[in-house]
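Quick note on numbering: the sequence shown equals residues 80 to 439 in the working numbering.
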Amino acid sequence: MRKFTIFIFSLFLWMGVFAIETAPLNPVTLTVPDRSKEALQNAFKIAFAQFITKMSGDTHILTVPAIQAAENNASEWVQNYTYEIDPASSQLQLQIVFDASAIQALLKTADHATWHQDRPLTLIYFQATPDILKNLQASATQSSSNIDAPIIFPELDLTDENIINNADQNTFLTTAQLQQLGQRYGVLSILDAQILQQPDQTWRGNFNYFFNNDTKQFSTTGATSDAVVTAAINKMVQYIINPFETHAILNTSPVNAVSTAGIKLEVMGINDIADYAKIIRYLKQMDDVASISVKDMNPAGMLVQINLKSDMAEFQKTLATEGQMKPVDQTQIPSNHPADLYYSWNTSANTSTQTFQPAS
């Protein structure tokens, strides 16, 4: 009989009201054997790996060639360092302060997002026997710590049991059950997951991500349940960083084959998190659009990369016909801005052109 467990990640999006500001990335503190040059250089590399992994939220970041090259010259990214004796253990410790701005620029050069300091709290719910539950919680705690992701575990009281006690262990939770859990813990998004041990003793996790009445599904596999949990946390963190870039994060394929043109579109006039979702859904349903990914997003607006099945002129005609977006006055756009097109989002067809507010 295969071992089975269900767990649910409930994630506050980065614009949610319960975002938590994590401990500063600087300084990185390591225990070192002595003050030798060899020990110092080794500590720089170890600390750099920890720093950039937490800044990127990606445990695989060190496989990127540009990041590997930077790690091999870790001392170049250090602003300053100091030695001190730990009063509790009497061991020699090294505190290293990295140039965060330079490393952020490095990540941008490597076409990788940077995780914002205000990180969403994650509720991780495991429905499992006590022995499995303990292992899964330990794995989740360690994995989240490696990338500086704040997490909590649910109370597992009668209220929780009443919500999930009718769940079919061979299917995902229903929309109603997910909504009840979201209401209880005040979360906006939920990942429903099934983790099971397969006949060959490997593990597999099947995931159903629910947000704003939209669902995305993906799977992870591993030699252990720990590996499956770690992979799931990594995928979800990357989704938090760039929640609408689903092709890259959730391993889905762009629709309708190869596009004929790629453009960058900057959209302003965004009021809240719901607008971000509406804009992405609106663009994805357009016949002119083959695929879309978000390059930058903040309260002022968003910058998206769009691969077109038509040319840019046809795309602009479609936008003009549908009237959901209006072009921004070209005289208000700085010459150094990277987008090809600049539009404002309209809640009605009569919304006037808005003042330029750059997304980056």
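All C-beta atoms in this analysis are idealised placements derived from N, C-alpha and C, irrespective of residue type, glycine included.
{"query": "Nearest candidate by alpha-carbon position, reference Trp156, set Gln147, Tyr162 and Thr300", "result": "Gln147"}
{"query": "Pair within 8 Å by beta-carbon distance, Val346 and Gly380", "result": "yes"}
{"query": "Whole-Å CB distance - Gly341 paired with Gln384, under 8 Å assumed", "result": "7 Å"}
{"query": "Which listed residue (Gln129, Ala149 and Asn287) has its alpha carbon closest to that of Pro440", "result": "Any question about residue 440 goes unanswered here, given that the chain covers just 80 to 439."}
{"query": "Residue of Leu420, Asn386 and Lys388 minimising C-alpha distance to Ala399", "result": "Leu420"}
{"query": "Assumed close pair Ala311, Gly284 - CB separation to whole angstroms, cut-off 8 Å", "result": "6 Å"}
{"query": "Same chain, Cβ closer than 8 Å to Asn425, neighbours up to 5 away in sequence not counted", "result": "Gly348, Gly402, Gln403, Met404 and Lys405"}
{"query": "Through-space distance from Val111 to Gln258, alpha-carbon basis", "result": "49 Å"}
{"query": "Closer than 8 Å to chain C by CB, Ala149", "result": "No chain C appears in the structure shown, which is made up of a single protein chain."}
{"query": "Touching by the beta-carbon criterion (3+ pairs, under 8 Å), the stretch 167 to 187 and the stretch 268 to 277", "result": "no"}
{"query": "Cβ shell of Ser389 (< 6 Å), same chain only, five flanking positions each side left out", "result": "Asp367"}
{"query": "Counted within 10 angstroms of its Cβ, other Cβ atoms place Asp137 as buried (16 or more) or exposed", "result": "buried"}
{"query": "Inter-residue Cα distance where the pair is Asp375 and Phe289", "result": "22 Å"}
{"query": "Buried or exposed by the 16-neighbour rule on C-beta atoms within 10 Å, applied to Asn152", "result": "exposed"}
{"query": "Own chain partners of Ser218 with C-beta closer than 6 Å, once the 5 adjacent residues on each side are dropped", "result": "Asp305 and Val308"}
{"query": "Short Cβ contact (8 Å threshold) for Thr201 with Pro233", "result": "no"}
{"query": "Start-to-end residues for the beta strand (DSSP E) that takes in Ser169", "result": "First-last for Ser169: undefined, no H or E at that position."}
{"query": "For Trp282, the three-state DSSP class (helix, strand or coil)", "result": "strand"}
{"query": "Secondary structure of Val266, DSSP reduced to three states", "result": "coil"}
{"query": "Best match in Thr238, Leu235 and Ile274 for proximity to Ser251 [C-alpha to C-alpha]", "result": "First, the residue type needs correcting, since residue 251 is Phe and not Ser in the sequence shown. Selected option, being the one with the closest Cα: Ile274."}
{"query": "Test item: CB-CB of His191 and Ile231 under 8 Å", "result": "no"}
{"query": "Complete beta strand (DSSP E) runs within the stretch 117 to 176 (minimum length 3 residues, chain order)", "result": "157 to 164"}
{"query": "Residue burial classification, Asp210 (beta-carbon count within 10 angstroms, cutoff 16)", "result": "exposed"}
{"query": "Rounded C-alpha distance that separates Asn159 from Gln174", "result": "9 Å"}
{"query": "Local conformation of Gln364 per DSSP, three classes", "result": "coil"}
{"query": "Assigned exposure category for Val167 - 16 Cβ within 10 Å defines buried", "result": "The residue you asked about is not Val; residue 167 is Ala in the sequence shown. So Ala167 counts as exposed."}
{"query": "For Tyr422 and Ile319, the rounded distance between their alpha carbons", "result": "25 Å"}
{"query": "Beta-bridge pairing of Met315 - partner residues as DSSP gives them", "result": "Partner(s): none; Met315 has no beta bridge."}
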